Each structure stands twice: as C-alpha cells, then as structure tokens.
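Trainee:
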Amino acid sequence: MTLPRFFFRFGFDQNGDVSPLILSVCFLTLFAMVQDDEVLSFITLAACFSMLVIGMPHGMFDYVSLRHRSGGSILKLGGWIALYCTTAAAALIAWQVAPLLSLAAFLILAVAHFSEDWAQKHSKLFAVAMAVSVIALPALTYPNELSAIFGLVAGKDASMLTDIVRLIAPLFGLISLILVAIDFADKQTSQAWRNIFLLLSALLLPPAIGFAVFFCLYHSPRHFVEGYSDLLDKQYDQRKFFLFLTLGSGAVYLCVQFVQPHALSHQIQIAAIFQTFAILTVPHFLMPLIKTTSLKHPTLA
42 MTLPRFFFRF GFDQNGDVSP LILSVCFLTL FAMVQDDEVL SFITLAACFS
92 MLVIGMPHGM FDYVSLRHRS GGSILKLGGW IALYCTTAAA ALIAWQVAPL
142 LSLAAFLILA VAHFSEDWAQ KHSKLFAVAM AVSVIALPAL TYPNELSAIF
192 GLVAGKDASM LTDIVRLIAP LFGLISLILV AIDFADKQTS QAWRNIFLLL
242 SALLLPPAIG FAVFFCLYHS PRHFVEGYSD LLDKQYDQRK FFLFLTLGSG
292 AVYLCVQFVQ PHALSHQIQI AAIFQTFAIL TVPHFLMPLI KTTSLKHPTL
342 A
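Just add 41 to wherever you are in the sequence shown, counting from 1, and you've got our numbering.
(1) Got a sec, what are the start and stop residues for the alpha helix (DSSP H) Leu86 sits in?
(2) Evaluate contact between the stretch 165 to 175 and the stretch 211 to 224, counting only Cβ atoms and requiring at least three cross-stretch pairs below 8 Å.
(3) Looking at the structure shown, is Val75 part of a helix, part of a strand, or coil, going by DSSP?
(4) Sort Ala73, Leu208, Tyr125, Asn185 by Cα distance to Arg108 and report the nearest one.
(5) Pick helix, strand or coil for His264, following the three-state DSSP scheme.
(6) Where does the unbroken alpha helix (DSSP H) through His163 begin, and where does it stop?
(7) Is the closest heavy atom of the ligand GDP to the C-beta of Lys165 under 8 Å?
(8) Assign Val152 to one of two classes, buried (16 or more other C-beta atoms within 10 Å of its C-beta) or exposed (fewer than that).
(9) Thinking just about the alpha-carbon of each residue, which of Arg235, Leu187, Val75 is nearest to the one in Met201?
(10) Within this structure, are the beta carbons of Thr317 and Leu62 separated by less than 9 Å?
(11) Work out the CA separation of Ala226 and Thr128 for me, nearest whole Å.
(12) Just to confirm, are Phe213 and Ser174 a CB contact at a threshold of 9 Å?
(13) Please determine, among Leu240, Ser91, Ala319, Ile311, the residue with the shortest C-alpha to C-alpha distance to Ile190.
(14) Please confirm if the stretch 241 to 254 is in contact with the stretch 74 to 90, defined as three or more CB-CB distances below 8 Å between the two stretches.
(15) According to the Cβ coordinates, are Ile320 and Trp121 closer than 9 Å?
(16) Thinking C-beta only, is Pro324 closer than 9 Å to Leu246?
(17) Can you tell me whether Ser111 is buried or exposed? The criterion is at least 16 other CB atoms within 10 Å of its CB, across all chains shown.
(18) How close, in whole Å, do the beta carbons of Leu141 and Ala195 come, if the pair is a contact with beta carbons under 8 Å?
(19) Please check the pair Ser156 and Ala172, which I expect to be a contact at CB under 8 Å, by giving their CB distance rounded to whole angstroms.
(20) Reducing DSSP to helix, strand and coil, say where Ala139 ends up.
(21) In three-state terms, what does DSSP make of Lys228?
(22) Taking just the CA atoms, how far does Phe68 sit from Leu181?
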C-alpha cells in the first residue's frame with residue numbers, strides 16, 4: 042500500500058478492517074483528551090458505553106446464527122435460545138458468587154476469542170500475542186487504573202491479577218512487535234499500521250479507553266461484517282436489526298445493574314458494563330461449538 046492510499050482511505054474494507062487513518066485519528070484525539078484530568082472520567086465512562094452500544098451488538102448476530110441452525114423449527118430455535126440464555130444466566134450468577142474466579146476465566150476467554158481476529162493470517166502464537174497485548178499492556182503504564190477496574194468488577198483481591206498480567210505483558214508485547222515487523226516485511230503495510238495503533242492504544246491510553254478503541258474499531262467491525270455477510274439476508278431491515286442488537290445488549294446491562302447496589306454511581310456503571318461484556322462473552326465464545334454441533338447433527342440445522 043502506498044503512502045497516499047494509506048492516509049486517504051476511509052471506512053472499512055470488505056473484511057471489516059478499519060482504515061489505519063481512522064484508527065490513528067481516534068488514537069491521537071483520545072490521547073490528547075485524556076491528558077486533561079477533568080475530562081478523563083467522562084471519557085472513560087463514554088468509552089465504556091461505546092462498548093455497550095457500538096461494540097457488543099455484533100454478538101447479537103448469534104441469534105441469526107441460531108435461527109439458521111434451527112432450520113425454521115420454532116422448537117429447535119427455542120431450545121438453542123434457552124441454552125444460550127441459560128449460559129449467560131450462569132455467567133451472571135458466577136459473577137455474583139465468585140467474582141475473582143469469573144474475572145480470571147473471562148480474561149482467558151477474551152484472549153481465546155480476540156485471537157481469532159489475527160488467526161486467519163498468522164500463526165496461533167502471534168494471534169494470541171496480539172490478543173494478550175491489547176488486554177495486558179495497560180498493566181505496564183496504568184497499573185493502578187487497571188487494578189481499580191479489576192477491583193470494581195471483582196473486589197479488592199483482584200489486584201493480584203494485575204500483577205500477573207504485568208508479568209506476561211512484556212513478553213507478549215515483544216512477540217507482537219515481531220509480528221508487526223513480519224507484516225511490514227510481507228508488505229502487509231495496512232495491517233502492520235493497524236497493529237501498531239492498537240498496541241499504542243493499549244499502552245498509552247487509560248485501560249478502558251484503549252480497550253474501547255480495540256473493541257469498537259477493530260474487533261466489532263470485523264465480526265459485524267462477517268456476521269452480516271454470512272448470515273443476514275434480505276428479510277432483515279438493517280436499521281431495525283441493529284436497533285435490536287443494541288437493545289439486546291442494553292437489556293443484559295440493565296439486568297446487571299439491577300443486582301448492583303448504588304446503580305447511579307459512575308464506578309458501578311463501569312463495573313456493570315464490564316460485567317455485561319463478560320457475561321455475553323461466554324455464550325458468544327461458545328457459538329462456534331454450537332455451529333460445529335449443528336453441522337455434525339443435520340437434524341439441528
């Protein structure tokens with residue numbers, strides 16, 4: 042990719058990859074804004090809500106997938122939806138009963154799921170390294186802020202997870218830089234720059250904000266395009282369907298808020314959003330297993 046094309050290509054490509062230009066502008070803008078302490082808390086809360094409204098709805102394509110797998114059978118569709126909701130409910134209960142264990146499990150699931158964003162083009166090691174980096178690098182530059190977020194969602198003992206994450210961050214960050222060098226060597230310039238901006242966002246922006254950049258401007262668009270192209274047909278109105286996706290995420294968020302004390306607190310809102318994200322990740326992560334089961338048993342498809 043030539044330099045002019047890099048700087049003047051807007052939007053997403055057919056794979057859902059965001060333009061490096063858009064990613065860089067967002068990174069620079071947010072980096073400038075978070076230098077002001079007075080607006081930092083507002084930007085953090087806005088970043089969390091952007092994950093809820095912009096990022097998480099792509100996971101609601103799971104409903105379309107379940108509908109396709111049910112082959113038009115209302116009973117089969119109801120069974121799949123019941124299983125999906127039961128899994129999410131179990132995750133919600135787990136967060137109330139064992140929050141620290143749930144957070145650790147969520148981080149592992151998140152790495153496994155996010156690594157899929159790079160798995161098609163690179164080896165498993167590089168894919169996992171990038172997934173770990175976007176989660177772990179904030180532990181190097183914002184350990185207190187990361188511990189605060191972990192503490193909000195899983196209690197005061199969650200700071201131990203920050204120490205673990207900080208130990209592994211340098212190694213996986215170095216492997217990710219090797220991946221960037223390989224991409225440049227293979228003339229995958231656009232992807233190399235995207236990876237650089239994602240790594241910089243994780244390293245230089247406060248944890249919630251840097252993660253929102255990755256989740257809303259890289260992970261979600263890729264999966265939204267994939268879900269739309271693979272599953273969506275002309276019977277769906279795009280605007281109504283996206284509204285349905287957003288309302289679905291919002292409903293889970295309200296359920297999490299309901300079980301939290303002092304729901305109007307900004308800190309509790311941030312905790313509820315991250316728990317919502319974690320709860321929806323569990324059945325969303327299990328969707329490939331559901332699809333594989335459906336393929337093995339044609340009666341379900």
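In this text, a Cβ means the ideal position worked out from N, Cα and C, and glycines have one as well.
Just so you know, these numbers come straight off a predicted model, no measurement behind them.
Mentor: Concretely, from the data shown:
(1) For the purposes of this step, residue 86 is taken as the residue at position 45 of the sequence shown. Where Leu86 is concerned, the enclosing alpha helix (DSSP H) stretches over 78 to 91.
(2) yes
(3) As a first step, residue 75 is located in the sequence shown; it is residue number 34 there, counting from the start. Residue state, collapsed to three classes: coil.
(4) By 1-based counting over the sequence shown, the position of residue 108 is 67. A check of alpha carbon separations from Arg108 across Ala73, Leu208, Tyr125, Asn185 identifies Tyr125 as the nearest.
(5) Locating residue 264 in the sequence shown gives position 223, where the first residue counts as 1. Here His264 sits in helix by DSSP.
(6) As a working note, residue 163 is residue 122 in the sequence shown. Run containing His163: none; DSSP gives neither H nor E here.
(7) For the structure depicted, the ligand GDP is absent and the ligand set is empty, with no information on it obtainable.
(8) Here residue 152 corresponds to residue number 111 of the sequence shown, with the count starting at 1. Val152 should be labelled buried.
(9) As a first step, residue 201 is located in the sequence shown; it is residue number 160 there, counting from the start. When each option's Cα is compared against that of Met201, the closest is Leu187.
(10) Your numbering for residue 317 matches position 276 in the sequence shown. Your numbering for residue 62 matches position 21 in the sequence shown. It is not a contact, given that the beta carbons lie outside the stated cut-off.
(11) Locating residue 128 in the sequence shown gives position 87, where the first residue counts as 1. Locating residue 226 in the sequence shown gives position 185, where the first residue counts as 1. So the alpha carbons of these two residues sit roughly 43 Å apart.
(12) For the purposes of this step, residue 213 is identified with residue 172 of the sequence shown, where counting begins at 1. For the purposes of this step, residue 174 is identified with residue 133 of the sequence shown, where counting begins at 1. Contact flag set, yes.
(13) As a position in the sequence shown, residue 190 is number 149, starting the count at 1. Nearest option by C-alpha distance: Ile311.
(14) Segments in contact, yes.
(15) Along the sequence shown, one-based indexing puts residue 320 at 279. Along the sequence shown, one-based indexing puts residue 121 at 80. Their beta carbons are not under 9 Å apart, which means Ile320 does not touch Trp121 by this criterion.
(16) Taking the sequence shown and counting its residues from 1, the one referred to as residue 246 is at position 205. Taking the sequence shown and counting its residues from 1, the one referred to as residue 324 is at position 283. Not in contact: Leu246 and Pro324 (Cβ atoms no closer than 9 Å).
(17) Here residue 111 corresponds to residue number 70 of the sequence shown, with the count starting at 1. Burial call: buried.
(18) On the sequence shown, position 100 is the one that residue 141 refers to. On the sequence shown, position 154 is the one that residue 195 refers to. Confirmed, about 5 Å.
(19) Locating residue 156 in the sequence shown gives position 115, where the first residue counts as 1. Locating residue 172 in the sequence shown gives position 131, where the first residue counts as 1. Their Cβ separation, rounded to whole angstroms, is 4 Å, which keeps Ser156 and Ala172 in contact under 8 Å.
(20) For the purposes of this step, residue 139 is identified with residue 98 of the sequence shown, where counting begins at 1. Reduced to three states, the DSSP call for Ala139 is coil.
(21) Within the sequence shown, residue 228 is the residue found at index 187, counting from 1. Lys228 falls in the coil class under three-state DSSP.
(22) The residue labelled residue 181 in the question sits at position 140 within the sequence shown. The residue labelled residue 68 in the question sits at position 27 within the sequence shown. Looking at the two C-alpha atoms, the distance is approximately 18 Å.
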